[in-house]
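*Asks:* FYI, in this note's numbering the residues of the sequence shown are 1333 to 1722. For every residue, glycine included, the Cβ atom is placed at its ideal position computed from N, Cα and C.
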Amino acid sequence: MLKREYCGNRPTKLRLRVLDLFVDFFVFIFRKTKHNKYIVPNKILLFNFGHLGDMLMMSYMINALKNKHPHIEIHIVAGSWCKNLIVNNPLYDKVFFINHYRTNRSTISIFAKFKLYVNDIKTFLAEHKNLYYSHSFDFRYSGYNANLLLPFLNAEQKIGFGTRGMGSLLDIEYYMLPTPFHSIDQQIQSLRSLGVAQTSKNIEPILLMPADEKNTLDIQKDYFIIFPEAGTKNRMFSNAFWITISDYILEKRPDVQIMICGLTEYSSKLNVELEKKYPGKIIDAVGKLSILQMIPVLKESIGALTLDSFPAHIASTITTTLCLFKEGTGLEYFPINAKPTYIIHDHKYSKDVKSFREQMTIHYITSLNERILQKIVTQAMDELFKFKKS
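Put into structure tokens, the structure is as follows:
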């Protein structure tokens, strides 16, 4: 039988275990029953304090849920950084924003983040006071979740994970799967009671948010897109690496342009260096595309090169994609692709994963050292993009 295991380092696990000694005791004393029988879903409240990749993958599961129960109403609580994925998305009937101070990546101080978090909770609870739900779901199992809010929710059945503490406040608590697993398989457990049967291998990655066709980019011919940024610097590569890869692309396809797409000074510097070397061949998209504008741009591209970040997830649903997962989490966050996708990674606990989804190739190496990686990447591009061999 599965048991509660905590996500985090050893001090975090110890802190959560001590916290749960008190929470479990109070629940045992004051809460006499749990609603763990089947309840017909009609209105559902979702929580997800994760980032864009988490939200995108969750949308695949919610689409499967809505296909099973087309008449349910779904409200979602998320960070405002996800608004482009959830506002005006037909999956969600109402959107609330709570910017969790520990997942807020803005540059404001931790005090300002905490103050915003508290104010967001107050606003949400004031609006929530007169709303009633058949179910609440929280998909977060390894990051900060909304279990703290469970006693204040007007939900008949509360479902989620206790892996970050306070699991006894849930009516139905789910546990960690044996590793390695994909995050979809971990999270979709919580929807099994409502008849959702999909797994990470067969779930459909459908994008339902409205695309924005307007952009001001100078696109004159066919193009590849490079996304050189990841959430943390240790997962990124030097400009010299990307210039070498660009050299290879333009050697094999001198008729194309290369688009550099990112948000920070890192991408801007890469764009400047490439523009000097290949004037007229580089499309500067740094800071110029919203997520909704990115969708049609990806559709028109020949293919994309990404790191372990949100672009890997969205690109692989739309265009042929090469993903470099350096010092990442391996299978757990491999993208749910709909197009040919080639993943090169160094996650040792996923090294035996040879296949995952259709149209996906997985290549494990012990280290994504740039010097060694260049040859492997060019070979992968030959295979993926059908480059002619010299």
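Should H1561 go down as buried or exposed, given a rule of 16 or more other Cβ atoms within 10 Å for buried?
*Replies:* Looking at the sequence provided, one finds Glu at residue 1561 rather than His. That one is buried.
*Asks:* Is the beta carbon of F1642 closer than 9 Å to that of H1401?
*Replies:* no
*Asks:* Is it a yes or a no for the segment 1392-1408 touching the segment 1420-1430, going by three-plus beta-carbon pairs under 8 Å?
*Replies:* yes
*Asks:* Would the segment 1615-1622 and the segment 1572-1586 be scored as touching if the rule is three or more Cβ pairs under 8 Å?
*Replies:* Using a Cβ-Cβ distance cut-off of 8 Å, the segment 1615-1622 and the segment 1572-1586 are not in contact, since fewer than three pairs of beta carbons, one from each stretch, lie closer than that value.
*Asks:* What does the alpha-carbon distance come out to for the pair H1514 and P1611?
*Replies:* 42 Å
*Asks:* Using CA coordinates, which residue listed in N1477, A1712, L1539, G1594 is at the minimum distance from P1628?
*Replies:* Looking at the Cα atoms, L1539 is the closest of the given residues.
*Asks:* Should A1529 go down as buried or exposed, given a rule of 16 or more other Cβ atoms within 10 Å for buried?
*Replies:* exposed
*Asks:* Where does E1607 fall in DSSP's three states?
*Replies:* The three-state secondary structure of E1607, taken from DSSP, is helix.
*Asks:* Fully enclosed by the segment 1526-1597, which beta strand (DSSP E) runs are 3 residues long or longer?
*Replies:* 1555-1558, 1589-1592
*Asks:* Is C1414 helix, strand or coil when you go by DSSP?
*Replies:* helix
*Asks:* What residue does the alpha helix (DSSP H) around D1714 start on, and which one ends it?
*Replies:* 1702-1716
*Asks:* Does the beta carbon of G1594 sit closer than 9 Å to a beta carbon anywhere in chain D?
*Replies:* You won't find chain D in this structure, because it holds only one protein chain.
*Asks:* Output yes or no for whether 9 Å exceeds the beta carbon distance between I1668 and P1512.
*Replies:* no
*Asks:* On the CB-based measure, 16 or more other CB atoms within 10 Å of its CB, does R1347 come out buried or exposed?
*Replies:* exposed
*Asks:* In the DSSP assignment, find the unbroken alpha helix (DSSP H) run with D1452 in it and report its ends.
*Replies:* 1442-1460
*Asks:* From this set, T1651, E1459, K1613, which residue's C-alpha is nearest L1630's C-alpha?
*Replies:* T1651
*Asks:* Between F1358, R1336, G1594, L1457, which has its C-alpha nearest L1637's C-alpha?
*Replies:* G1594
*Asks:* Excluding the 5 residues preceding and the 5 following I1442 in the sequence, name in chain order all residues of the same chain whose CB lies nearer than 8 Å to its CB.
*Replies:* Result list for I1442: Y1433, in chain order.
*Asks:* Out of L1502, I1516, D1678, H1677, state which residue places its alpha-carbon closest to the alpha-carbon of R1336.
*Replies:* The candidate whose alpha carbon is nearest that of R1336 is L1502.
*Asks:* Give every residue of the same chain whose Cβ lies closer than 6 Å to the Cβ of Y1464, excluding the five residues on either side of it in the sequence, and list them in chain order.
*Replies:* N1486
*Asks:* To the nearest angstrom, how far is it from the Cα of S1532 to the Cα of K1608?
*Replies:* Put simply, the backbone Cα of S1532 is about 43 Å away from that of K1608.
*Asks:* Helix, strand or coil, according to DSSP, for S1468 in the structure here?
*Replies:* The answer is strand: DSSP assigns S1468 an E or B state.
*Asks:* Starting from Q1519, follow the alpha helix (DSSP H) in both directions and report where the run begins and ends.
*Replies:* 1515-1520
*Asks:* Would you report the Cα separation of M1333 and I1504, rounded to the nearest angstrom?
*Replies:* For M1333, the pLDDT reaches just 42, beneath the cut-off of 50, and the residue's location in the model is therefore unreliable, although a value from the coordinates is still provided. Roughly 15 Å between the two C-alpha positions.
*Asks:* Determine the extent of the beta strand (DSSP E) in which V1427 is found, giving its start and end residues.
*Replies:* 1426-1429
*Asks:* What does DSSP give as the partner residues of E1505 in its beta bridges?
*Replies:* G1492
*Asks:* Would you identify the three-state DSSP class for T1344, choosing helix, strand or coil?
*Replies:* helix
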